[in-house]
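Note sheet for the following structure.
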């Protein structure tokens, strides 16, 4: 498949998923993700988005939402100064609903300290500066760049990595490789839509196990590579159960 053809297919798949989300009940999840990150506020709050995204690492959206509301709204720890000065035990208690809450509380305090010491308390836009913050990898950094500053980027989480490979758009082994390939396939004008669209679609339709292929608007064009993958655990279990019977 040529790169030009792959780009046309990738754009078509993205537009179909976006239209499906807008017309179905999936829209509510998209709005929830946007609200949690506070990316729709005018102007966006980069610090809230940064801390929200750090809290979202290995965490469910619902738990991330509870943690950030507890921390910023109920706890009032909504600035680098307040978080730097707050006892770590207080931060831990406020974000307890978030996975790895002890580690994340440490990250949050260190991030606040670094922002105040090196960036005048302002969240940087530069990728290198963002990657210098504790707990911030490429996915988190790209989320901040996209949602806080509207800079073109494609944050790659498990959903984006899984779907893009499963649909046959790319063939990669790591999120870093996936990010590089997707930015080559998708024109920059589509980058801001890729992450949130793939995340919503991956959570409720193209699930890791038991994807809802009968409801999928891409079922006629998707190669369904996961069904052909012999390492797929659920597929392997089904084959084993047939042999036993």
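Residue numbers (our numbering): 4 to 248. Glycine included, each C-beta is placed from N, C-alpha and C at the ideal position. None of these values were measured; they are calculated from a predicted model.
- Annotated three-state conformation of residue 163 is helix, per DSSP.
- In the three-state reduction of the DSSP assignment, residue 123 falls in the coil class.
- With fewer than 16 other Cβ atoms inside 10 Å of its own Cβ, residue 131 counts as exposed.
- Rounded to the nearest whole angstrom, the CA to CA distance from residue 111 to residue 134 is 14 Å.
- Of all alpha-carbon atoms in 175, 114, 154 and 59, the one lying nearest the alpha-carbon of residue 100 is that of 59.
- By the criterion of a C-beta distance shorter than 6 Å, residue 146 is surrounded in its chain by 56 and 158, once the five residues flanking it on both sides are discounted.
- Around the C-beta of residue 54, 16 or more other C-beta atoms lie within 10 Å, and the residue is accordingly described as buried.
- Taking C-beta atoms as the reference points, residue 52 and residue 152 fail to come closer than 7 Å.
- Rounded to the nearest whole angstrom, the CA to CA distance from residue 186 to residue 161 is 17 Å.
- The stretch 16 to 26 makes no contact with the stretch 90 to 110; the number of CB pairs closer than 8 Å stays below 3.
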